Amino acid sequence: MKISSFNQSELTYYVNIGVQAVSTIPELEVAMAEVGLSLEKVKVGNVLSEDVLNWQTKQEETLSNASKAKRHLNQAREAIDSIYTKHRIAARFVYREDEDMLKKLQLQGNRKKRYPDWLDQVQQFYKHLDAEVLKPIGILPKEVTEVKKLIAQLTELQVVRLDSRRQAQQTTEIRQKAVLKLRQWYRHFMSTAELACQDNPQLLEAMGVVVPSK
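For the sequence shown, numbering that gives the first Met the number 0 gives the first residue as 0, with consecutive numbering after it.
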């Protein structure tokens, strides 16, 4: 058995099989105790295995939350960008002969793509835009007010996204450490079992170890 090659599912499976074998086979329990691994110490494997599974569940939850937070932010950005695109076209037409306003509204350069740059460009646009100027071409001030509210929510959505990502990274790291701790424990457990069963190697089969027939 190459324990280092076990994935998490295989590791928890063999740990639980090993602990169950020692817990239910008196001969095996006695043999393990004689080399220093009492049943109480053996059952630590179940605790460590359960810890791995619990952190896996938490990791899945935090990854799901991070995915949702990212999706909500992207949806808000897409909604704003759709309206912003329309307002840019209208504002460029209205201010086509006003160089100063075109500069303030950042209508002369290219659209920004990176999130921080895009957000700054959008914020500067609505900071300087006079909503009343767009009324003659069918864009009501109410629409501008609504998009400003959406923009104000972006910072909160970004904080939620970043924090959920942090939590996902944290739970992933903790789960990995829990798996490492379980793997180390199982190596010690199996080396002890091999020592305990050296006079009766067939006992190892109860732990899932294939013992060659003599």
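Each residue gets a CB set at the ideal place from its N, CA and C atoms; glycine is no exception.
Fair warning: this is a prediction, and the values are worked out from it, not measured in the lab.
Asked: On the criterion of 16 or more Cβ atoms from any shown chain inside 10 Å, does G35 qualify as buried, or is it exposed?; Found: exposed
Asked: Can you name, in chain order, every residue of its own chain whose Cβ lies under 6 Å from the Cβ of K69, other than the five neighbours on each side?; Found: R160
Asked: Quick one: grab the DSSP three-state call for D162.; Found: helix
Asked: Can you tell me where the alpha helix (DSSP H) holding Y133 begins and where it ends?; Found: It should be noted that the sequence gives Leu, not Tyr, for residue 133. Unbroken run through L133: none, as it is neither H nor E.
Asked: For D80, verify whether its CB is less than 7 Å away from any heavy atom of the ligand GTP.; Found: The ligand GTP is not part of the structure shown, which contains no ligands of any sort.
Asked: Any chance the stretch 59 to 66 sits against the stretch 100 to 114, with 3 or more Cβ pairs inside 8 Å?; Found: no
Asked: With three or more beta-carbon pairs closer than 8 Å as the criterion, would you say the stretch 6 to 25 touches the stretch 41 to 53?; Found: yes
Asked: I believe A30 touches C196 by the beta-carbon criterion, under 8 Å. Please report the beta-carbon distance rounded to the nearest angstrom.; Found: 6 Å
Asked: By the DSSP assignment, the alpha helix (DSSP H) with M206 in it spans what residues?; Found: Unbroken run through M206: none, as it is neither H nor E.
Asked: Between R87, V93, D97, which lies nearest to F124 when the distance is taken from Cα to Cα?; Found: R87
Asked: Can you list, in chain order, the residues of its chain with a C-beta nearer than 8 Å to that of L128? Leave out the 5 residues immediately preceding and following it.; Found: H86, A90, L104, V143
Asked: If you drop the 5 nearest sequence neighbours on each side, which residues of the same chain put their C-beta closer than 8 Å to that of I24?; Found: L202, A205
Asked: Residues in the same chain with beta-carbon distance under 7 Å from R95, minus the five sequence neighbours each way, listed in chain order, please.; Found: none
Asked: Here's the rule I'm using: 16 or more other beta-carbon atoms within 10 Å means buried, otherwise exposed. How should Q56 be labelled?; Found: In the sequence as displayed, the identity of residue 56 is Thr instead of Gln. Counting Cβ neighbours within 10 Å, T56 comes out exposed, since fewer than 16 surround it.
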